[in-house]
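UniProt numbering applies: residue 1 is where the sequence shown begins, and numbers increase by one.
We treat Cβ as the ideally placed atom computed from N, Cα and C, and that holds for glycine.
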Amino acid sequence: MQRQLLWGLAGVLLTLLCMGLLSLRYHSSLSPQRVPKTPELSPPSPWPSELQLHDVFIVVKTTQAFHHSRQELQLNTWVSRTQPFIFSDSPDEGLQERLGSHLVGPTTLQSTATLPWGAGFCINYKLALKMPPWASGSHFMDASALIWLPDDSTVGYIVECELGSLETLQLLEAAQLPEQVTLSYGIFEGKLNVINLHGPFSPEEGPSRFHSLHCLLYPDTPWCLQLVA
Numbered sequence: 001m002q003r004q005l006l007w008g009l010a011g012v013l014l015t016l017l018c019m020g021l022l023s024l025r026y027h028s029s030l031s032p033q034r035v036p037k038t039p040e041l042s043p044p045s046p047w048p049s050e051l052q053l054h055d056v057f058i059v060v061k062t063t064q065a066f067h068h069s070r071q072e073l074q075l076n077t078w079v080s081r082t083q084p085f086i087f088s089d090s091p092d093e094g095l096q097e098r099l100g101s102h103l104v105g106p107t108t109l110q111s112t113a114t115l116p117w118g119a120g121f122c123i124n125y126k127l128a129l130k131m132p133p134w135a136s137g138s139h140f141m142d143a144s145a146l147i148w149l150p151d152d153s154t155v156g157y158i159v160e161c162e163l164g165s166l167e168t169l170q171l172l173e174a175a176q177l178p179e180q181v182t183l184s185y186g187i188f189e190g191k192l193n194v195i196n197l198h199g200p201f202s203p204e205e206g207p208s209r210f211h212s213l214h215c216l217l218y219p220d221t222p223w224c225l226q227l228v229a
């Protein structure tokens, strides 16, 4: 019995020795050129040093009801012809002539397959801290039931009606206007809420005062110079 055990142990040792010699012979026969090398990772491409205007896709959504009152006003003032795209629910030959392919009409919109994505919102931290009394837990469903509108409209209702405030634009002085981030115009509590600015356009000619504001910010605009002359 002991003899069989010794013979078996010797066989195992001989097998291990042979495998070790074969492995050593295989690795020694590999030339440096045949040894596979780990591929080097290319360095990540550097990001642009700063964001360029052509990197931003600007979209203005509108409807036929506002083509004259809003879009023509924007095109006459701050909207560039080359950067923004105007999306509308109705064709317009006048806008098409001025914008070309940057006017996207209903035919293009209907032929484009889109998925029913949800609404997205961009709010700042301070506003988010004020929203829980209306937007947390069951309060959000209560607000939605109150106005009988879906969730995206409910967010707009909370931000604008419950937490929003409209400033009286007449209180802004002309020297403060170039420093403003946004300006608006409209009817608030039955009164016209616009900036108080004396300019080349009378309130009857430009009730929004945006044409006169444009001449204040960009006095070299050709039609501003014509009016001043």
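P222 versus P106: straight-line alpha-carbon distance, rounded: Taking the first residue of the sequence shown as position 1, residue 222 is located at position 222. Taking the first residue of the sequence shown as position 1, residue 106 is located at position 106. Roughly 34 Å between the two C-alpha positions.
Stretch-stretch touch, CB-based, cutoff 8 Å, three pairs: the segment 48-62 with the segment 194-206: Not touching, per the Cβ criterion.
Bridge partner(s) assigned by DSSP for K191: The count along the sequence shown starts at 1 and reaches residue 191 at position 191. Note: K191 sits in a beta bridge opposite F188.
Through-space distance from D92 to Q64, alpha-carbon basis: Here residue 64 is taken as the residue at index 64 of the sequence shown, counted from 1. Here residue 92 is taken as the residue at index 92 of the sequence shown, counted from 1. The straight-line gap from Cα to Cα measures roughly 8 Å.
Within 8 Å, strictly: CB atoms of L216 and G190: For this step, residue 216 is matched to residue 216 along the sequence shown. For this step, residue 190 is matched to residue 190 along the sequence shown. No. Outside cutoff.
Burial state of A145, where buried means 16 or more other Cβ atoms lie within 10 Å: Your numbering for residue 145 matches position 145 in the sequence shown. Looking at its Cβ environment, which holds fewer than 16 other Cβ atoms inside 10 Å, A145 is exposed.
Three-state class that DSSP yields for V159 in the structure shown: One-based indexing of the sequence shown puts residue 159 at position 159. Residue state, collapsed to three classes: helix.
Residue nearest to L103 in terms of C-alpha spacing, selected from H67, K130, Y125, P133: Your numbering for residue 103 matches position 103 in the sequence shown. Comparing Cα positions, the closest option is H67.
CB of A174 within 8 Å of CB of I158, strictly: As a first step, residue 174 is located in the sequence shown; it is residue number 174 there, counting from the start. As a first step, residue 158 is located in the sequence shown; it is residue number 158 there, counting from the start. No, these two residues do not count as a Cβ contact at 8 Å.
Residue range of the unbroken alpha helix (DSSP H) whose run includes F85: The count along the sequence shown starts at 1 and reaches residue 85 at position 85. No alpha helix (DSSP H) contains F85, which is instead part of the beta strand (DSSP E) from 85-87.
Through-space distance from I123 to F210, alpha-carbon basis: Numbered from its first residue, the sequence shown carries residue 210 at position 210. Numbered from its first residue, the sequence shown carries residue 123 at position 123. Cα to Cα, F210 sits roughly 27 Å from I123.
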